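Top line first, the protein sequences correspond to chains A and B. For the first sequence, the working numbering assigns the number 327 to the initial residue and increments by one for each residue that follows. For the second sequence, the working numbering assigns the number 20 to the initial residue and increments by one for each residue that follows. Glycine residues also receive a C-beta, built at the ideal position from the N, C-alpha and C atoms. Please read all numbers here as calculations on a predicted model, not as lab measurements. Scroll down for the structure; my scribbles are underneath it.
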Amino acid sequence: MPTDTDDTMPLRASEDVVRVRQAVRARAVGAGFSLVDQTKIVTAASEIARNTVDYGGGGTARIEVLRNGQRRGVRLTFTDQGPGIADLTLALKDGYTTGSGLGLGLSGAKRLCNEFDVRSTPGQGTVVTLARWV
Amino acid sequence: MGDIPILKIGDCLLVSIQVDMHDRLALALQDDLTERIVADHARGVMIDISALEIVDSFIGRMLNNIAAMSRVLDAITVVVGMRPAVAITLVELGLSLTGVRTALNVDKGLALIRRAIDSPERDDADRYG
């Protein structure tokens, strides 16, 4: 699948979450996303980026703009080397949290995207990939 | 103190969030507002989010918390100016913001606060509750 742009940004503190949100917004605008589609992917990015910082101990966000025939999409990959997620099924349930949040991060982000994938190995880290197409 | 100004208008506090808030700034605003409700004897709090491009679960929780804290401190919170795309996304995210009163704009928000403060049911419930 051809890639138009490919950026990787650090995620260490809550200010980085803001920077990633803004970069995702800029790429979504560039890919021709409608305002609602932009808002959905930026919100999903914010949820997962926060998890990377708060639970993963920091990591990176990769932002790719993809082309599949006439369709364009934005794919985001969040990678950390944190403690990992012990029970993925549980982590994806609405309202489940090990922290102080609302437990909507993973499950909510999944609903806002067309593609969503979590891979996690306890003790080694977590990779969350999500994509939205227009 | 956070970087987001809190304006006092009569017995109401007005906050207009004009920046893309990181999480610590959102928490600071929550704390500042709670302190100001007590210090200024505020009866109403209006939060203008018309400049916010997204409301994620963290900001949603902050709005919920502010509404809950102000209720305990005998003030009413109204969130005004939510963008349509933000509302659509919030619902899909699964955040219903129960407990947060909303109005379309600042005028309607002020009217809502005024009605809530002046309503006799509320006065009775608060005085004898």
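- By the neighbour-count criterion, in which a residue is buried when 16 or more other Cβ atoms sit within 10 angstroms of its Cβ, methionine 81 of chain B is buried.
- When DSSP states are grouped into helix, strand and coil, glutamate 72 of chain B belongs to the coil group.
- Neighbourhood of serine 446 of chain A in chain B, by CB distance below 9 Å: empty, with the nearest CB roughly 20 Å away.
- Between serine 372 of chain A and cysteine 31 of chain B, the alpha-carbon positions lie close to 31 Å from each other.
- Counted as a single uninterrupted DSSP element, the alpha helix (DSSP H) harbouring alanine 375 of chain A occupies residues 361-380.
- For chain B, the residues of the stretch 349-367 of chain A that bring a beta carbon within less than 8 Å of one of its beta carbons are Arg351, Leu361, Val362, Gln364, Thr365, Lys366, in chain order.
- C-alpha of alanine 457 of chain A to C-alpha of leucine 26 of chain B: approximately 41 Å in a straight line.
- The beta carbon of alanine 47 of chain B sits no closer than 7 Å to any beta carbon of chain A.
- Runs of the alpha helix (DSSP H) lying entirely within the stretch 76-100 of chain B, each at least 4 residues long, are 76-91 in chain order.
- For proline 336 of chain A, the three-state secondary structure derived from DSSP is strand.
- Residues of chain A with a Cβ closer than 9 Å to the Cβ of glutamate 111 of chain B are, in chain order, Lys366, Thr369, Gly434, Arg437, Leu438.
- CA-to-CA, the gap between arginine 62 of chain B and glycine 408 of chain A works out to about 45 Å.
- Measuring C-alpha to C-alpha distances from leucine 430 of chain A to each of B/Leu123, B/Leu116, B/Gly128 identifies B/Leu116 as the nearest.
- When the beta-carbon positions are compared, valine 99 of chain B and aspartate 137 of chain B stay at least 7 Å from each other.
- Sorting A/Glu441, A/Arg338, A/Arg345 by C-alpha distance to the C-alpha of asparagine 377 of chain A places A/Arg338 at the top.
- Counting along the chain, no beta strand (DSSP E) covers glycine 431 of chain A; the unbroken alpha helix (DSSP H) around it starts and ends at 431-437.
- Inter-residue distance for aspartate 333 of chain A and serine 35 of chain B is about 33 Å (C-alpha atoms, whole angstroms).
- Under the 7 Å criterion on CB atoms, valine 454 of chain A is classed as non-interfacial with respect to chain B.
- According to the DSSP assignment, leucine 123 of chain B belongs to no alpha helix (DSSP H), since it is labelled neither H nor E.
- Identification of residues in the stretch 87-101 of chain B having a C-beta nearer than 7 Å to some C-beta of chain A yields an empty set.
- At a cut-off of 7 Å between beta-carbon atoms, isoleucine 73 of chain B makes contact with chain A.
- In this structure, B/Met65 is the residue among B/Met65, B/Ala122, B/Ser76 with its C-alpha nearest to the C-alpha of leucine 52 of chain B.
- Look at glycine 421 of chain A here: in three-state DSSP terms it is coil, with no helix or strand label.
- Between leucine 414 of chain A and valine 444 of chain A, the C-beta spacing is below 7 Å.
- Between alanine 357 of chain A and the set A/Leu438, A/Phe404, A/Thr455, A/Arg397, the nearest pair of CA atoms involves A/Arg397.
- For the set B/Glu72, B/Leu48, B/Glu111, B/Ile132, the Cα lying nearest the Cα of arginine 347 of chain A is the one of B/Glu72.
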